[in-house]
Structure formats: structure tokens, C-alpha cells
Amino acid sequence: MTWALWESYMLPGVWITVQVTVYSAALAAVVAFAVGTARTSRLWIVRFLSGAYFEIFRGASALVFMFWLFFALPIAAGWQLVPLWAGVLALGLTYGAYGSEIVRGALAAVSPAQREAGIALSFTRWQRLRRIELPQAWPEMVPPFNNLAIELLKGTALVSVISVADMTFAANLIRFTTNDSAPIYTLLLLMYFVLAFVVTRGMRLLERRAKAGVGQAPPPRRGLMGGLSRRTATGDAAGDAVTGAAASGGAR
Amino acid sequence: MGRRSLLAGLAALAVTGVAGCSRVPGPAEGGESLLERLRAQGTVRVGIAGEVPYGYIDKNGELTGEAPELAKVIFKRLGVEDVVPVPTEFGSLIPGLRSQQFDVVSAGMYINPERCEQVIFADPEYVMLDAFIVPKGNPKGLNTYEDIVEKGARMATGTAYAEIDYAVAAGVRRDDILILPDQVAGLAAVEQGRVDVFAGTSLTVRQVVENSDRAEATEPFQPVVDGEPAIGAGGFAFRPTATDLRDAFNRELRELKRSGELLEIMRPFGFTEDEMTDLTAKELCS
């Protein structure tokens, strides 16, 4: 691979991958919180609509949805999305649906006594959510969100099929000039791994802050490679079990 | 993070989201004035399929290939300075053209009746024979589609390639053909022994096996469908509404053919006198 190809396709490709990841993660976060909390609503219609959204977007293929936005929508609606945004929309809405289940699970895991205390203090529904439930549920959400963020990062490779020039797309172009698939795909695997590693470390920082914020002991700091040999009985275990009923410790 | 900065962030996201849409030019606008529109904006977006020697990105990261080079010359004469490549898969060229992702398919696409129902073609700029990628030494002796049927060989070709229909006409079962995204995948499949043969156009096949020590190209041959030679003639494709652009393109193309400049543009990519043609898109569409 020549420097010119690297400079004019691969490096911009890395930047596109980062952009798609950040934008769709932001969209997914908004969707996840909106739908996740809407599913705990008292009104059946809100629960029904958010539940319908969740089932449809969790069940639909992100790739096919992307094709639909890219190839079918312009013909049907007379509007076309810039390819990057078609990709971001498809990924954000789909991963938002996955994320909403994490939000709902974590909210359900907050001890009922906390909710009742809020009612006793005559907090409104919104105040309870914002001041009592979400702050306590948040630390439980971070580890599964980490998983989802990495899944999303790797899922961004899908945008290459709608001609968004991300890393995978650049690799395919370079493949045509060299007629050799093995070296460039190996390099690509490593590049995704490095990006995923950065995401993981970032989310770990977020987890420390989140836990400290509700007075829980943060996971021990063990440097860059720390997590690899960590015993799972401590920090991560509570987080990994979040969609079930995570134990609510006395510290809260 | 303060609530206010969060809200500001959301608002910014919403604004960029709205900016991500653009109006698809309707059939009327796209029809009469596509050439005018291209002239006004000074750029034309061309769809390419990463296939050497038709349309691809070279080692220096530049758009090249017989079709893009021809596009650069013709569009310049039509008053459109910039030719911007939109690389995609071969199978996505026609869907991408129809959904306005680019204005022209510049990939040396074969003109055949099936495709003529979906897009309109300029006259072909070349005719081409087929060839196979086979393992070194061609152990099964495969030189035509009939050989594949006779020897019961496993065949592969590219998504939406015209070669699929040629093979089916020769008696290969459609379900038995392995469809791969491109010629590089085809080379890998032959090298790894997943298939015995990958069918493609002779220039592509010759180019892709150049540095391979496990595969080679067969001699080019004329595919036959229903007793008639199936002429592989490639040209530029346009949206059905863009007749004005297609006609203007045709005028310039005929001029290049008459003056012999066309061959000079295409020679660096391995084309010779034999590949030049006076066929028209109309003849090839019926």
C-alpha cells in the first residue's frame, strides 16, 4: 500500500469511522434514555408506543434498514439522506433500541424503597426520575453500555456498503489496487481492535466517576492493561447482571 | 456536564441532522436540465465499481480507468470541469444511479436488454471477450462455458455480472454459480480451491492474475447465447430521465470515435483496435 492511498483514503476513513461511531452513539443514547424511561410510564399508550418502537427496531436488521434509507427512501419520499446520515440514522435507531432495554433494566433494579421515599416526599414523577432513579441506575448502565458501544463501533463497518468511505471502504479500495486481500484485512482487524480498546478505557473512566457519584467503591485502578486479569467477583459483576435484578447494596 | 450544555449539544445534533437531508431532483428537473445543472455546479458524480481496467482508484489514490478517463474528456467538452468518483459495488451501480447517489455509471457496464429496462445507455465505447481465472496450468481444461458444464466444474462470477446469463445459456445451473462481490474475491476463491473457475471480462481477468503464482487467465473467447455470439459491449449508463445528457454525451463520443482519439484514451488500459466498435446502444438493447 502506498502512502498516497493511505493518506487520501485510509486516514480519512479512520476519521469517518470515528465520526459515524460518535454520532450514532449520541443518537442511540438519546433514543435509549427516551424509550427506556417511556417504557416505565404509567400511561399505557406511552408504554405501548415505546414498546412497539423497541420491538420493531430491535428486531429489524440494521443493514437492511440502512439499504432502505439509502435506496428506497429517495424514490418513495423525494428526499435523500447524505449517505453518512443514512448510516448514522440506521445504526443510532437500532442500537438505541438495544440500549433502551439497558436503561429500563437499570431503572427496574433501583430499590422500590427509593421510589417510595420519593413519593413520600411528594416529588413529582419527573423529579423522582431525575433526582432519585436515574442517578442510582446510571452506574449500573455503564458496563453494558460499554459492550454496546464496542458493538456499535464494529457495526459501523456496515456503512461501507452504502458508499460511505469509512475504514472498511478504504480497505476494499486498496484491495483492488493490490489484488491481495490478506494483508489489508489483517490490518483492518487490528485497527478496529485499537479503536475498541480506546472506547473500553474511556467507558471505564466513566464507570469510576459514576460509581463515585453515588458513593460506591469504584473498581480498582490497575493501569491500561488492568482489566485483563481482574477477578469478576467485584466491580464488573454487578454491572453485567444489570438487566436482571442487580443487587442494590446498602451503600445507596 | 451542565444541563444547558447538554441541551445545546442536542440542539446542535438536531441541526446537523436536518442538514443531512437534501431534496432529490424530481423527474422534470432531472430530465430537461440535468446537463444544465451539472454545468452550473461544475461537477459530475460518476459511479465506479473498483474494477480494473474500467473504473478504479489507482496506487496514487487517483480516479482512473478507461471509463473515468473518457468521462473526464467528454464532460470537459460539455462544460463540466470536475469528475468526482463515487466508488461502490458493481451490483449497487444501477440502484445507486436510480436513487441519485451519482449522475452517471462510469464502469464500462455491458449494455443488455435487461439493464436497458432500468437505465439508458450511451453508445458503447468498447467490445470485449470473456475469459476465466483458473488454477495454474488449467488442470480441468476449462476454456468456454460449455467446458464448465461438460466437466461439472464449480464456477463463480461477480454480482450482477452479464457472465451469469452467458453461463446459464450454456447450461450451467443458476443455483450452482457462486456469486462473489468482485474479481479480487474471485481470484482468492480460485487460489483457495473453493471454485474451479471465475468468469469475467478478459482484460479484468488478465490484470487480476498478474501477480498471482497460483492462478492464471485463460485465452479470451466469445460467449454464445442461443447460437448467437453474445456481444459484450460496455458503455455509460444514465437515469432514464436524463436523455439530454445522454444525447450530448453520444455526440461527443461519436466525435472521439471518428477522430481516433477514443483509442488513444483507452490504449493505456490495454485496449486495442480489436475492442473498438460502431455498435449503438439501440442495437444492443433489443
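Here the protein sequences come in this chain order: A and B. For the first sequence, my numbering gives the first residue as 1, with consecutive numbering after it. For the second sequence, my numbering gives the first residue as 1001, with consecutive numbering after it. Each residue gets a CB set at the ideal place from its N, CA and C atoms; glycine is no exception. Computed from a prediction, not measured in an experiment: that's the story for all the values here.
Grouping DSSP H, G and I as helix and E and B as strand, with all else coil, what is residue i?
i	result
Phe1271 of chain B	coil
Asp1213 of chain B	coil
Ile1048 of chain B	strand
Thr2 of chain A	coil
Asp1176 of chain B	helix
Phe169 of chain A	helix
Glu1228 of chain B	strand
Val1084 of chain B	strand
Thr186 of chain A	helix
Gly1065 of chain B	coil
Asp1165 of chain B	helix
Thr1043 of chain B	strand
Tyr1126 of chain B	strand
Val1205 of chain B	helix
Tyr1110 of chain B	strand
Met191 of chain A	helix
Leu84 of chain A	helix
Phe123 of chain A	coil
Ala1160 of chain B	coil
Ala34 of chain A	helix
Gly213 of chain A	helix
At a CB-CB cut-off below 8 angstroms, which residues of chain B make contact with residue i?
i	result
Tyr272 of chain A	A query on residue 272 of chain A cannot be resolved here, the shown segment of chain A reaching from 1 to 252 and no further.
Ser163 of chain A	Val1086, Pro1087, Thr1088, Ser1092, Gly1096, Gln1101
Could you tell me whether any non-hydrogen atom of the ligand ADP is closer than 7 angstroms to the CB of residue i?
i	result
Asn1112 of chain B	Annotation note on the ligand ADP: not contained in the displayed structure, which lists no ligands.
Out of the options, which has the shortest C-alpha to C-alpha gap to residue i?
i	options	result
Gly66 of chain A	A:Leu93, A:Trp138, A:Val199, A:Ala76	According to the sequence provided, residue 66 of chain A is Met. The question's Gly does not apply to it. Ranking A:Leu93, A:Trp138, A:Val199, A:Ala76 by Cα distance to Met66 of chain A puts A:Leu93 first.
Thr21 of chain A	A:Thr186, A:Gly118, A:Val164	A:Val164
Ser50 of chain A	A:Ala62, A:Val31, A:Val64, A:Leu63	A:Val31
Ser160 of chain A	B:Thr1088, B:Val1197, B:Arg1098	B:Thr1088
Thr40 of chain A	A:Ala106, A:Thr177, A:Gly215, A:Met141	A:Ala106
Ile1164 of chain B	B:Thr1277, B:Asp1130, B:Phe1269, B:Gly1235	B:Asp1130
Gly1090 of chain B	B:Leu1078, B:Val1084, B:Leu1142, B:Val1105	Here the sequence assigns Phe to residue 1090 of chain B, which means Gly is not the residue at that position. Ranking the options by Cα distance to Phe1090 of chain B, first place goes to B:Val1105.
Val1184 of chain B	B:Tyr1166, B:Thr1159, B:Pro1113	B:Thr1159
Leu155 of chain A	A:Ala72, A:Val18, A:Leu81	Residue identity check: residue 155 of chain A is Gly in the sequence provided, not Leu. The candidate whose alpha carbon is nearest that of Gly155 of chain A is A:Val18.
Ala1170 of chain B	B:Leu1142, B:Glu1219, B:Asp1226, B:Asn1143	B:Asp1226
Phe193 of chain A	A:Ser181, A:Ala72, A:Leu153	A:Leu153
Thr1272 of chain B	B:Lys1282, B:Leu1078, B:Gly1260, B:Lys1059	B:Gly1260
Ala254 of chain A	A:Pro220, A:Arg208, A:Leu148	Outside the displayed range of chain A (1 to 252) lies residue 254 of chain A, so it cannot be described from this structure.
Gly1042 of chain B	B:Ile1148, B:Val1172, B:Val1084	B:Val1084
Which residues in the same chain as residue i place their Cβ atom closer than 8 angstroms to its Cβ, once the five residues preceding and following it in sequence are excluded?
i	result
Met1266 of chain B	Glu1066, Glu1069, Leu1070, Glu1125, Tyr1126, Glu1275
Ile1074 of chain B	Phe1249, Glu1252, Leu1253, Leu1256
Met191 of chain A	Val14, Met167
Leu189 of chain A	none
Within 8 angstroms (strictly less), CB to CB, does residue i reach chain B?
i	result
Leu5 of chain A	yes
Pro143 of chain A	no
Ser50 of chain A	no
Pro220 of chain A	no
Gly13 of chain A	no
Ile75 of chain A	yes
Asn147 of chain A	no
Thr243 of chain A	Residue placement at Thr243 of chain A is flagged as unreliable, the pLDDT there being 40, under the threshold of 50; the coordinate-derived value follows with that caveat. By this cut-off, Thr243 of chain A is not an interface position.
Val18 of chain A	no
Between residue i and chain A, is any beta-carbon pair separated by less than 8 angstroms?
i	result
Val1105 of chain B	no
Gly1050 of chain B	yes
Asn1138 of chain B	no
Thr1043 of chain B	no
Pro1087 of chain B	yes
Ala1188 of chain B	yes
Pro1268 of chain B	no
For residue i, which residues in chain B fall below 9 angstroms Cβ to Cβ?
i	result
Phe71 of chain A	Ser1092, Pro1095, Gly1096, Arg1098, Ser1099, Gln1101
Ile184 of chain A	None at all; the shortest Cβ gap to chain B is about 10 angstroms.
Thr2 of chain A	Lys1059, Asn1060, Gly1061
Whose Cβ in chain B lies nearer than 7 angstroms to the Cβ of residue i?
i	result
Arg175 of chain A	Val1184
Give the interface partners of residue i over in chain A, defined as CB-CB distance under 7 angstroms, in chain order.
i	result
Asn1211 of chain B	Asn179
Val1208 of chain B	Asn179
Please go through the same chain and pick out, in chain order, the residues whose beta-carbon is closer than 6 angstroms to the beta-carbon of residue i, but skip the five residues on each side of it.
i	result
Pro1240 of chain B	Ile1120
Leu1038 of chain B	Val1044, Val1080
Asp1196 of chain B	Lys1140, Ala1153, Arg1154
Met10 of chain A	Ala170
Leu63 of chain A	Leu158
Phe70 of chain A	Ala86, Ile162
In chain order, what residues of the same chain have a beta carbon less than 7 angstroms from the beta carbon of residue i, not counting five sequence neighbours either side?
i	result
Pro1223 of chain B	Asp1130, Tyr1145, Tyr1166, Ala1230
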